[in-house]
Amino acid sequence: MLGTIARVLLLAFWGLALANLVSPLPTPWEVTLNAVAGTTLVLHLIELVVFNRLLAAQPSPWQHRLQVLLFGLVHLQKLH
4 MLGTIARVLL
14 LAFWGLALAN
24 LVSPLPTPWE
34 VTLNAVAGTT
44 LVLHLIELVV
54 FNRLLAAQPS
64 PWQHRLQVLL
74 FGLVHLQKLH
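For the sequence shown, the positions run 4 to 83 when our numbering is used.
Below you can see the structure in the form of structure tokens.
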């Protein structure tokens with residue numbers, strides 16, 4: 004249940020970040036949102052590198068890698 008809520012919130016965050024690229028928010032929010040989205044993306048890329056072996060062992064590794072890019076540790080928690 005908590006994982007589902009986290010996924011919905013992360014999807015909403017990425018949607019807002021993409022919308023901010025198309026139609027920027029007012030000045031202080033635009034920069035802040037871009038910085039948070041950039042930091043989140045870098046952290047998720049680091050997670051991809053750190054957990055590469057675990058992801059490569061999954062049945063469809065590229066699908067799991069995409070989900071790690073979107074959801075980060077929320078997705079990694081459900082992998083064994």
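We treat Cβ as the ideally placed atom computed from N, Cα and C, and that holds for glycine.
None of the values given here were measured: they were computed from a predicted structure.
Can you tell me which of the three DSSP states residue i falls into?
i      : result
Leu84  : Look at the range of the chain in this structure, 4 to 83, and you will see that residue 84 is not part of it.
Ala22  : helix
Ala9   : helix
Gln61  : coil
Pro31  : helix
Gly41  : helix
Gly74  : Before going further, note that residue 74 is Phe rather than Gly in the sequence given. Residue state, collapsed to three classes: helix.
Gln80  : coil
Phe104 : The structure shown has nothing for residue 104, since the chain only spans 4 to 83.
To the nearest whole angstrom, what separates the beta carbons of residue i and residue j, a pair I think is in contact under 8 Å?
i     : j     : result
Val71 : His47 : 6 Å
Leu20 : Leu36 : One point to set straight first is that residue 20 is Ala, not Leu, in the sequence displayed. Contact flag correct, Cβ pair sits at about 6 Å.
Leu51 : Arg68 : 6 Å
Leu73 : Leu13 : 6 Å
On the three-pair Cβ rule with 8 Å, is the segment 26–33 touching the segment 54–68?
no
Looking at C-beta atoms only, is the number of pairs between the segment 60–67 and the segment 37–47 that lie closer than 8 Å three or more?
no
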